Amino acid sequence: MTKSTHLDNHLSPYERAVAYYALPRVTSRVTLALIIAYCLCLAEVLAAITYGLLTHKEGWTRASLIGLAILIAFGIIIFLCRAFLNDVRKRRLLEAARDAPELPEEPSDTPDPFQKHVLLRRPMRLIDNVLGISDDLGGRAYTVQRDKSGRSWEVRGADGSEPLTVRQLRRSISFSFEARSTSWIAVYRGDEKIAEAKRRFSLMESSVVITAYAPEGPEIVARASGLYQNEILVGRTYQVRQHIYLDIREESLTDGLLGFFIAMV
């Protein structure tokens, strides 16, 4: 069966289901136990180096320095391999979904899991500091203009409503192979702050708390690719073919979450 050409630019139902449900399950993340074990090994090697220096044992110091270099190289290789394998798994799943035959148009008794979802899509990179955000039908939903400093965005909706301003208050300084997250942004309508998204400290996977102030709305926690409300999964962000998607329940979409999505650059 010949696939429709719209799949070149937009998600097929199979791709959307795979990106939402399957990709998070095949991704192997760095766990707290692995980090602690690696840090303990580093601490032991550093202790050995310190002992060699204090006791003037050159052989001990030399062997410990070699061990430190090997341990650092081993850690880099392990983390890079995990990232590479994750990328391979994602690509294989998405390619299989892309090659799947189209769904029949006849009515089905199976409920649509995305029936009450909003799907927004944006390119991964800005062109001339302009970002277009479209809906699942391909129509323009928002137009975003970034200022010259790169730390503020003006957001205009297709409905002609009052524009929003998204300001980056703190850049992300965390080390991660998972790209595109914010550290601290605030969303304004005029001079009023109506929402913010702020990273909170965690020894395990990082998370960003998205809070709506005016009007007061649900607090959303972005953790890995998931978006949670009261610890219930209500949406995800994911990347497919050089685009980033926000797939969220309609009632959970807030201006703060929109600002978080825009700041993923």
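Just so you know, we're using numbering that gives the first Met the number 0 here: the sequence shown kicks off at 0 and counts up by one. Idealized CB from N, CA, C, for every residue including glycine. Every value quoted in this text rests on a predicted model; they were computed, and no experiment measured them.
{"Check": "Span of the alpha helix (DSSP H), counted from its first residue to its last, around Y13", "Outcome": "P12 to A16"}
{"Check": "Neighbourhood of S175 by C-beta, 8 angstroms cutoff - its chain only, sequence neighbours within 5 removed", "Outcome": "Only weak support exists for where S175 lies, its pLDDT of 45 falling under 50; the coordinates are left without a value."}
{"Check": "Cβ pair L130, V143 closer than 8 angstroms", "Outcome": "yes"}
{"Check": "Supposed contact pair S224 and Y237 - C-beta distance, whole angstroms, cut 8 angstroms", "Outcome": "6 angstroms"}
{"Check": "Close Cβ partners of R248 (< 7 angstroms) along its chain, the five nearest in sequence each way excluded", "Outcome": "K115, H116, V233 and G234"}
{"Check": "I219 burial status per 10 Å Cβ neighbour count (16 or more: buried)", "Outcome": "buried"}
{"Check": "Rounded straight-line distance, which links the Cα of A21 to that of V87", "Outcome": "14 angstroms"}
{"Check": "Cβ pair count under 8 angstroms reaching 3, the stretch 184–200 against the stretch 151–168", "Outcome": "yes"}
{"Check": "Three-state class that DSSP yields for H5 in the structure shown", "Outcome": "The pLDDT assigned to H5 is 41, lower than 50, so where the model puts this residue is not dependable, and the model offers no usable value."}
{"Check": "Backbone CA spacing between I261 and S133 [nearest angstrom]", "Outcome": "12 angstroms"}
{"Check": "Beta-carbon gap between V44 and A96 smaller than 8 angstroms", "Outcome": "no"}
{"Check": "Anticipated Cβ contact below 8 angstroms, L70 with C40, distance rounded", "Outcome": "6 angstroms"}
{"Check": "Rounded straight-line distance, which links the Cα of Y19 to that of I231", "Outcome": "15 angstroms"}
{"Check": "Residues near T181 by beta carbon distance below 8 angstroms, same chain, minus five either side", "Outcome": "Q167, S171, A196, R198, V207, F259, A262 and M263"}
{"Check": "S151: first and last residue of the uninterrupted beta strand (DSSP E) it sits in", "Outcome": "S151 to G156"}
{"Check": "Proximal residues to S151 (C-beta, below 8 angstroms), its chain only, five neighbours per side dropped", "Outcome": "R145, T164, V165, R166 and Q167"}
{"Check": "Those runs of the beta strand (DSSP E) which lie wholly inside the stretch 215–262 and span at least 3 residues", "Outcome": "219–222, 225–228, 231–239 and 242–248"}
{"Check": "Backbone secondary structure at R81 - three-state DSSP", "Outcome": "helix"}
{"Check": "Identity of the residues DSSP links to E191 by a beta bridge", "Outcome": "R188"}
{"Check": "6 angstroms CB neighbourhood of W183 in its chain, flanking five on each side removed", "Outcome": "L168, R169 and K197"}
{"Check": "Where Y50 falls, given that 16 or more other Cβ within 10 Å makes a residue buried", "Outcome": "exposed"}
{"Check": "Pairwise C-alpha distance: G137 and M123", "Outcome": "16 angstroms"}
{"Check": "Close beta carbons around P23, own chain, < 8 angstroms, minus the five adjacent residues each side", "Outcome": "A223, S224, G225 and R235"}
{"Check": "Helix, strand or coil at A213 according to DSSP, with G and I counted as helix", "Outcome": "coil"}
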